[in-house]
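Everything on this sheet refers to the single structure shown next.
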Amino acid sequence: MLAPRERDATAWYCTAGGARAVVVRDGTLPLVALNLRIAAGSRNDVAGRGGTAHAVEHLMFAGSVRRGRGEHLRFVQSHGGVVNAVTSVDWTRFSDVVSPSLAGTVLRRHAEGIAAADTALTDANLAMERTVLVHERRHRVTNVGYGDALERVAARLYPPGSPYGRPAMGVEEEIGGVSVADCRTFLARYYRAPRANLAVVGDVDPDRVADDVYALLGAFAPGAELVPADPAPPRSSGPVGRHREVVRTSLRTKMFLGYRLPSESGPGFAAARLAGFLLGRGPGARLVDRLVRRGIAAHVSVRVIGRSGDASVGLIEIVPADGVSVPDALRAVDEAVVEPPTGREWDRARAVYRAAWLEDLDSIVERSDGLSLSLQLHGAIDPYRYHETWLSTVDMSEVVGALRYWHPDARRVELVYRHD
Amino acid sequence: MTELAPAPAGTAGSRLAVVDQDAGVCLCTASVAAVHRRLVAVRVSVPGGPLYEVPDRAGRYSAAVRGLLLDDTTGPALVESLGALGITPTAGATPSAVYLDILGPREVIHRGLRMLADRIGVAELSVPAGRAGAAAALFDVRRRANDSGTFAVDALRAARAAPDGPLARVPDGTVETLAGLRPAHARQALRAIAAAPVHVIVAGDTATGYREDLAGWVDDRPAVVAPPVVPRPVLRAAPERRCRLAPRRAGQAYLLWGTLRRLDGVADLIALELAVHQLAGWTGSRLWRVFREEQRYTYGLSVTVEPYHLDGELYALASVGMAVDADRVSDVGAALTDETGRFVAELRAAEIAAAATRLLRAEILYHDKTSGLMARTARLLVGGFPADLSEARSRVLLAVDPDEIRDRMVAVLDPTLITIADRSAP
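So the sequences go chain by chain: A and B.
For reference, each letter of the first sequence is one residue, going 2 to 421 in my numbering.
For reference, each letter of the second sequence is one residue, going 206 to 631 in my numbering.
Below, the structure written as structure tokens:
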């Protein structure tokens with residue numbers, strides 16, 4: 002085990018197996034946020050077994066030889082804390098927000114949980130979770146207005162066969178086919194030290210929790226290096242030209258335009274995200290100004306969804322105003338995105354981006370999330386720590402360059418939910 | 206086993222810092238340690254709003270505040286001016302108030318608040334802005350209808366509130382009323398807002414200066430006269446026990462169990478919070494255990510408690526909602542009634558004490574995000590809590606007498622006042 006390098010506000014831990022942790026002391030509030038991120042998600046599901054990563058995430062709470070079903074959630078909540086877990090394409094995240102006196106205990110509980118995880122993967126547990134997984138998919142995707150938009154866009158934005166084109170929580174038909182053996186294989190292969198990244202932020206003394214941190218990191222078995230353990234997705238530049246899909250809906254007509262942006266772990270992502278802010282974040286953004294204020298759209302927004310193993314996704318959402326056709330709305334978008342930023346737009350975009358960044362920094366919970374992600378993407382926390390420095394020094398030419406990803410000539414997917 | 210002490214109520218405090226009755230200003234600050242907190246959240250809230258709307262013009266106050274942000278006839282729109290500072294403004298309405306929120310870096314927040322106050326002080330809204338405000342409110346109303354949970358809560362409110370009462374209507378209006386609004390209605394509403402008393406809630410770095418920022422609005426205006434209270438019934442004499450909502454999708458239905466009732470003060474509100482929390486608000490609760498873990502009816506349950514202070518009385522809406530398969534609606538509906546009855550019958554003092562401790566410890570979670578703390582403080586203020594807000598609630602929870610509160614919990618879960626809203630295919 003390596004000794005922590007910093008012993009003031011931040012301490013850094015790394016085990017010989019490659020598991021990493023950072024502990025940041027912040028005494029603002031009597032809270033501690035723990036964020037454990039496993040660098041494996043739905044992209045690691047075997048084709049045809051979509052939902053395996055998600056099932057494993059659920060099974061971590063399903064009861065093992067160490068504790069009963071749901072016991073960890075009840076334990077943390079009984080002390081006024083919060084527990085959450087999310088499976089994404091590139092990672093699976095387990096988070097707790099607890100009082101400072103519980104931080105060490107929760108770390109140890111997670112260590113025990115990881116060590117005994119295999120015993121939670123039983124037929125009985127999986128049978129129970131399958132029903133819950135199906136309910137969750139219906140609750141979050143199937144029965145939500147436009148809920149499957151990102152899935153539909155991703156399916157066409159990435160080349161055929163790419164794991165990035167598959168739904169992160171799987172589809173109902175495949176969830177039913179996920180077996181205990183699938184889950185065991187996933188757990189053994191991916192819940193390993195090189196993929197474990199932990200961030201702890203809050204009113205905690207790094208020295209006092211050091212043993213607990215090492216206990217958790219040490220619970221992960223050493224494994225093969227991260228690369229090339231991931232299945233290599235078929236890489237290409239994505240769809241050529243434009244792909245359009247039209248879906249009938251009883252709701253209002255709404256369009257989603259999907260673009261390929263740089264990978265979240267590589268250069269260019271931050272500039273692409275800032276370009277997204279310029280285009281569509283906040284009431285004074287360009288697309289809001291050109292489309293909503295001029296009566297072409299009832300609503301416009303822009304999202305950037307980071308992906309680390311392939312292109313990230315840029316998404317423009319447009320609700321055409323009553324009486325405005327889809328082609329007219331698309332034309333207005335295309336005309337708006339080609340212009341270089343004005344000085345006023347540039348200043349506004351940076352100000353709004355900075356405020357959004359500060360909002361995350363102000364939050365102990367969000368900071369723990371950002372730090373664990375930085376560990377996964379970069380193996381370090383400096384990119385996260387010094388992001389504001391980048392923002393204050395970024396040149397407009399970088400963002401002008403990044404606007405090309407949103408250009409009408411860029412490859413994109415057009416998804417139209419047309420009111421029937 | 207290490208003794209786990211409950212977290213203290215928090216290092217943050219809420220205070221009514223300044224009351225300037227002559228100018229009709231009430232300033233409430235929720236302090237957070239300045240270290241690392243670089244954002245400040247401010248809510249400018251004007252009591253009234255939907256309370257004073259006639260039914261066929263519901264939504265005009267919401268349209269007014271939204272239009273205010275968009276009005277660019279005399280210069281750059283507020284949204285653009287504030288955006289240039291990195292401040293994101295939003296506008297909305299509750300059953301008893303309209304509000305404007307700004308969230309931004311502390312070094313510019315005073316400028317932003319001054320901009321906002323000066324603009325309100327002009328008390329004029331252009332015709333295009335009135336239209337734009339109504340369109341913005343209409344968009345949000347239509348979006349709410351697509352979310353089963355929100356739609357069901359609105360329907361619950363309508364099922365239990367008196368038809369012509371203030372709680373019967375969605376604060377932002379309806380598709381019909383907003384479509385029929387004329388710009389003049391929104392303009393009239395803005396004039397009323399400019400002349401009304403105002404609450405300002407600040408969370409974050411609460412150094413002085415916020416009262417001064419309001420000068421362009423509140424100083425030198427005619428003496429504020431609180432809008433007349435229109436006496437009308439708030440609740441139905443005979444509330445609907447079951448209401449069917451327009452179905453959205455056949456695959457999955459949505460059930461909402463809830464109540465809307467008058468409360469006998471803060472102690473009743475705490476009792477209602479405890480009751481709903483212990484019934485369905487955490488993974489160890491009865492409904493979570495039965496509905497998700499045992500019967501697997503649903504993925505999760507969502508719990509809301511909304512207090513309203515109206516005409517000197519305290520009301521609250523409490524609900525438990527869940528999405529279920531369409532073919533299980535009857536089973537789940539019956540189970541909701543059965544399990545609530547069992548919950549009341551089997552409620553024990555030890556459980557109540559534990560629930561109070563959980564809520565007490567969880568209070569600090571609201572302080573993590575500045576915007577969340579501001580919204581929480583504003584809600585408590587509207588709900589009629591005393592001047593020291595979150596500390597008062599924490600004191601009540603710390604001192605809760607389980608036997609006394611149990612009687613209140615049973616009373617607030619009066620089965621004759623429970624409605625089940627059902628959004629499923631016929």
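Every residue gets a Cβ at the ideal spot worked out from N, C-alpha and C, and that includes glycine.
Please read all numbers here as calculations on a predicted model, not as lab measurements.
In chain A, which residues lie with their C-beta within 7 Å of the C-beta of residue 315 of chain B?
Listed by position along chain A, the residues whose Cβ is nearer than 7 Å to that of residue 315 of chain B form an empty set, because the closest Cβ is around 15 Å away.
In the DSSP assignment, what residue or residues form a beta bridge with residue 526 of chain B?
B:461, B:507.
Positions along the stretch 134-155 of chain A whose CB lies within less than 7 Å of some CB in chain E
The structure shown contains no chain E; its protein chains are A and B.
For residue 388 of chain A, three-class secondary structure by DSSP:
It is helical.
Residue 361 of chain A - DSSP class collapsed to helix/strand/coil
Secondary structure at residue 361 of chain A: helix, using DSSP grouped into helix, strand and coil.
Continuous alpha helix (DSSP H) assignments of at least 4 residues falling wholly in the stretch 295-355 of chain B
DSSP runs (the alpha helix (DSSP H)) wholly in the stretch 295-355 of chain B: 314-327, 332-351.
Smallest Cα separation from residue 418 of chain A: which of A:84, A:116, A:44, A:146?
Taking each of A:84, A:116, A:44, A:146 in turn and checking the Cα distance to residue 418 of chain A, the smallest one comes out for A:146.
Which residues, taken in chain order from the stretch 568-592 of chain B, show a beta carbon closer than 9 Å to some beta carbon of chain A?
Those residues of the stretch 568-592 of chain B that come within reach of chain A (Cβ to Cβ, closer than 9 Å) are 568, 569, 570, 572, 573, 574, 575, 576, 577.
Nearest-angstrom Cα distance between residue 265 of chain A and residue 244 of chain B?
One C-alpha to the other measures close to 26 Å.
For residue 129 of chain A, decide whether its Cβ has a neighbour in chain B, counting only Cβ atoms nearer than 8 Å.
Yes, contact with chain B.
Could you please give me the residues that DSSP links to residue 286 of chain A through a beta bridge?
Note: residue 286 of chain A sits in no beta bridge, so no partner.
In three-state terms, what does DSSP make of residue 277 of chain A?
Note: residue 277 of chain A maps to helix in three-state DSSP.
Can you pull the chain B residues whose beta carbon is under 8 Å from the beta carbon of residue 98 of chain A, in chain order?
The contacting residues are 570, 573.
Does residue 326 of chain A pass the burial test, meaning 16 or more other C-beta atoms within 10 Å, or should it be called exposed?
The C-beta of residue 326 of chain A has fewer than 16 other C-beta atoms within 10 Å across all chains shown, which makes the residue exposed.
Let me know the secondary structure DSSP gives residue 514 of chain B once reduced to three states.
In this structure, residue 514 of chain B counts as strand in the three-state DSSP scheme.
Could you tell me the distance, in whole angstroms, from the CA atom of residue 269 of chain B to the CA atom of residue 372 of chain B?
Each residue's Cα considered, the two are about 20 Å apart.
Contact check, residue 298 of chain B vs residue 257 of chain B, beta carbons under 8 Å:
Taking 8 Å as the Cβ cut-off, residue 298 of chain B and residue 257 of chain B do not qualify as a contacting pair.
Closer than 7 Å: residue 187 of chain A CB and nearest the ligand FMN heavy atom:
The ligand FMN is absent from the structure shown, which contains no ligand whatsoever.
Quick check: what's the CA-CA separation for residue 290 of chain A versus residue 302 of chain A?
Rounded to whole angstroms, the separation of the alpha carbons of residue 302 of chain A and residue 290 of chain A is 11 Å.
Contacts that residue 381 of chain B makes with chain A (C-beta to C-beta distance below 8 Å):
Chain A residues near residue 381 of chain B: none, gap ~15 Å exceeds 8 Å.
So for residue 170 of chain A, helix, strand or coil by DSSP?
Looking at residue 170 of chain A - three-state DSSP - the assignment turns out to be coil, as it is neither helix nor strand.
Check whether chain A comes within 8 Å of residue 483 of chain B, counting only Cβ atoms and requiring the distance to be less than that.
Closer than 8 Å: no.
What are the start and end residues of the alpha helix (DSSP H) that includes residue 382 of chain B?
Here the alpha helix (DSSP H) through residue 382 of chain B covers 380-384.
Which of the three DSSP states, helix, strand or coil, is assigned to residue 329 of chain A?
Three-state DSSP puts residue 329 of chain A in a helix.
Nearest to residue 21 of chain A by alpha carbon, out of A:102, A:387, A:372, A:414?
Checked all of A:102, A:387, A:372, A:414; the closest Cα to residue 21 of chain A is A:372.
Cα separation between residue 264 of chain B and residue 271 of chain B?
So the two alpha carbons sit approximately 11 Å from each other.
Check whether the Cβ atoms of residue 278 of chain A and residue 356 of chain A lie closer than 8 Å to each other.
Not in contact: residue 278 of chain A and residue 356 of chain A (Cβ atoms no closer than 8 Å).
Kindly list the residues whose CB is nearer than 8 Å to the CB of residue 261 of chain B, restricted to its own chain and excluding five residues on each side of it in sequence; keep chain order.
Listed in chain order, the non-local C-beta contacts of residue 261 of chain B below 8 Å within the same chain comprise 382, 385, local neighbours out to five positions each way being set aside.
Segment contact, 8 Å Cβ cut-off, at least three pairs: the stretch 118-133 of chain A with the stretch 52-64 of chain A
Yes, they touch.
Going along chain B, which residues have a C-beta under 8 Å from residue 360 of chain A?
Against chain B, a Cβ distance below 8 Å from residue 360 of chain A picks out 244, 308, 574, 575, 576.
Residue 422 of chain B classed as buried or exposed, judged by whether at least 16 other C-beta atoms fall within 10 angstroms:
With 16 or more other Cβ atoms inside 10 Å of its own Cβ, residue 422 of chain B counts as buried.
For a cutoff of 8 Å on Cβ pairs, would you count residue 501 of chain B as touching chain A?
Yes, its Cβ sits closer than 8 Å to a Cβ of chain A.
So for residue 45 of chain A, helix, strand or coil by DSSP?
It is helical.
Are three or more beta carbon pairs between the stretch 32-51 of chain A and the stretch 90-105 of chain A nearer than 8 Å?
Counting Cβ pairs under 8 Å, three or more are found: they touch.
Rounded to a whole number of angstroms, what is the C-alpha to C-alpha distance between residue 504 of chain B and residue 314 of chain B?
Using only the alpha carbons, I get a separation of about 41 Å.
Flag this pair as yes or no: are the beta carbons of residue 108 of chain A and residue 176 of chain A separated by less than 8 Å?
The Cβ-Cβ distance between residue 108 of chain A and residue 176 of chain A does not fall below 8 Å.
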